[in-house]
Amino acid sequence: MSAAIPASEDNSKPIDRVLAHLEGVHRSGAGWMAKCSHHDDRQASLSIREADDGKVLLHCHAGCDTTSVVTSAGLAFVDLFPPGSRERFKPRTWLGTIPMGPNGRPALESFGDDRTATLLGELARLAKVRGTLDKRIVDALRVVGESLGVSREQLAGAARAAISTEDPA
Ligand SMILES: [Zn+2]
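Residue numbering for the sequence shown follows numbering that gives the first Met the number 0, beginning at 0 and increasing consecutively.
Set out below in structure tokens:
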């Protein structure tokens, strides 16, 4: 097991985790409404629902995309999924949370340190799930590395260590 456990690895219910990160939460019908974390929201435009499988569904009625809402709330996309959910570990689920810059490369300017650390953990997990460090992972590691001031080799080494030492997901 790795020493550092990202916040997204805790075992609390996704709905509790998400609601705890939002402001102005109140019940509404079968779900909740809250202030959208991504825009200057005075009307509680964000609707939150818990799906039958425990997954959290978010919708900003002002039109913010879900990734931006999640990121602005200090959460990772995987936080919307229950622990052990297969969807949670699908590479596309969280690769889709990485803002893409020009040339289709990950743009991490919008990530604070905590999110970068979380992203790193998720990169390592993807490497583990795939059992290899493919080009997209390596590219992402390089960009993360630049933002953290460490080399891609160091990060790739950390990801390889994660592959070899962690139990299968
Ligand atoms: Zn919004």
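From the three backbone atoms N, C-alpha and C, an ideal C-beta is built for every residue, glycine too.
Looking only at its own chain, which residues have a Cβ that is under 7 Å from the Cβ of E108, when we skip the five neighbours before and after it?
-> Residue confidence for E108 is low, a pLDDT of 45 falling below 50, so the modelled location carries little weight and cannot support an answer.
From K54, L56, A61, residue whose alpha carbon lies closest to that of A172 | Nothing about residue 172 can be read from this structure; the chain reaches only from 0 to 168.
Can you tell me whether E49 is buried or exposed, with buried defined as 16 or more other CB within 10 angstroms of its CB?
-> Looking at its Cβ environment, which holds 16 or more other Cβ atoms inside 10 Å, E49 is buried.
Element boundaries [alpha helix (DSSP H), containing R16] = Residues 13-19.
Nearest neighbour of H38, chosen from H25, R26, H58 [CA to CA] = In terms of CA proximity to H38, H58 leads the group H25, R26, H58.
Starting from the Cα of L74, find the closest Cα among V17, E22, K12, L56 and give me that residue.
-> Closest option to L74, Cα to Cα, is V17.
Do A61 and ligand 1 come close, with the Cβ less than 6 Å from some heavy atom?
-> A61: yes, Cβ under 6 Å from ligand 1.
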